[in-house]
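Each residue of the sequence shown is one higher than the last, beginning at 54 in my numbering.
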Amino acid sequence: MASQIWPHLVVLALLFPAVVVGLLSDAQRSGPFWSAFGIAALASTAWTAAQLGPSWSTGFAAALWLTVAASFVIFLILCLVMTEIPRLGGLLAPYLAFLSVIAVIWSQAPAQPTSDGIALGWFGVHIALSVVTYVFLTLAAVSGAAVVLQERALKRRAPSRLTRLLPSLADSEQLEYRLLGAGEIVLAAGIATGMGAQYAADGGLLDFGHKTILTLAAFVVIGALLLARILWGTRGRLAARYVLIGYLLVTLAYPGVKFVTDVLMG
């Protein structure tokens with residue numbers, strides 16, 4: 054068992070420089086920032102690829118590592134084009150490290166490998182879009198957390214060390230809105246490809262299980278929030294709460310279902 058868990062621990066250790074650098078005010082988009090987050094992205098991506106393998110064996114731990122790896126990679130890509138998003142690193146890196154700790158704890162849970170070649174066609178595209186959707190909503194939720202922290206600091210007129218590192222309230226709200234919009238678009242594409250995969254499998258369009266219901270609920274909540282932002286300018290902590298609700302629904306639909314099927318039901 055020790056020989057099986059130590060690679061998880063090594064990769065976990067390689068994430069902590071990103072946690073430290075993300076919390077340093079003078080490290081945003083600097084050499085240490087790119088080095089630390091780059092190492093975290095490479096380590097988690099390599100370990101995820103090794104776990105998934107050719108048969109796409111996605112147990113609960115592997116699903117979490119996939120989320121962590123994709124989040125680091127997409128975050129770094131967005132850092133190239135979005136000026137303020139690197140400041141979310143102080144919240145994002147600790148959260149991803151926390152997910153990694155959970156992955157290590159449950160690394161011995163049995164996986165349920167799919168059959169060879171199942172990740173091709175509609176199903177493969179659906180999986181990829183699902184991961185990208187979850188990453189965008191993770192980043193939107195982190196932005197929402199930044200909104201809550203910044204708004205609270207402004208009301209109390211007592212900014213903390215953490216809020217000084219984060220994007221301003223206006224920038225956090227803008228990031229939240231843009232990331233949420235991107236997530237909704239990719240989620241819509243994921244639902245469409247999921248219908249295609251279902252049709253290819255059994256001729257149906259939707260399997261109204263827990264995952265589908267939670268995903269559709271998240272789509273409605275996020276769409277309603279985006280519409281409210283356009284029509285009534287809904288923002289601040291109220292908007293952040295709905296972002297977190299949408300993120301919770303998607304979390305229950307993706308890693309939540311994985312946890313139940315692979316860990317609780319074994």
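Glycine included, every Cβ here is placed at the ideal spot set by N, Cα and C.
Separation of residue j from residue i, as counted between CA atoms
{"i": "residue 221", "j": "residue 196", "result": "10 Å"}
{"i": "residue 285", "j": "residue 278", "result": "10 Å"}
{"i": "residue 302", "j": "residue 92", "result": "31 Å"}
{"i": "residue 281", "j": "residue 193", "result": "16 Å"}
{"i": "residue 216", "j": "residue 133", "result": "22 Å"}
{"i": "residue 99", "j": "residue 58", "result": "16 Å"}
{"i": "residue 265", "j": "residue 228", "result": "27 Å"}
{"i": "residue 60", "j": "residue 128", "result": "24 Å"}
{"i": "residue 268", "j": "residue 176", "result": "16 Å"}
{"i": "residue 208", "j": "residue 214", "result": "16 Å"}
Beta carbon of residue i nearer than 8 Å to that of residue j
{"i": "residue 96", "j": "residue 188", "result": "no"}
{"i": "residue 116", "j": "residue 308", "result": "yes"}
{"i": "residue 236", "j": "residue 275", "result": "yes"}
{"i": "residue 226", "j": "residue 288", "result": "yes"}
{"i": "residue 178", "j": "residue 246", "result": "yes"}
{"i": "residue 62", "j": "residue 184", "result": "no"}
{"i": "residue 21", "j": "residue 103", "result": "The first residue shown for the chain is 54 and the last is 319, placing residue 21 beyond what the model contains."}
{"i": "residue 296", "j": "residue 240", "result": "no"}
{"i": "residue 144", "j": "residue 199", "result": "yes"}
Proximal residues to residue i (C-beta, below 6 Å), its chain only, five neighbours per side dropped
{"i": "residue 201", "result": "290 and 293"}
{"i": "residue 70", "result": "89"}
{"i": "residue 72", "result": "146, 147 and 150"}
{"i": "residue 190", "result": "236, 300 and 303"}
{"i": "residue 212", "result": "206"}
Own chain, CB closer than 7 Å to residue i, minus 5 neighbours either side, in chain order
{"i": "residue 152", "result": "117, 120 and 121"}
{"i": "residue 155", "result": "117"}
{"i": "residue 182", "result": "239, 242, 243 and 246"}
_Can you confirm whether the stretch 203-220 touches the stretch 243-253 when touching is taken to mean that 3 or more C-beta pairs between the two stretches lie within less than 8 Å?_
Contact between the stretch 243-253 and the stretch 203-220 is absent, because fewer than three Cβ pairs lie under 8 Å.
*Give, in chain order, every unbroken run of the alpha helix (DSSP H) that is at least 4 residues long and sits entirely within the stretch 231-319.*
Runs found: 263-285 and 289-304.
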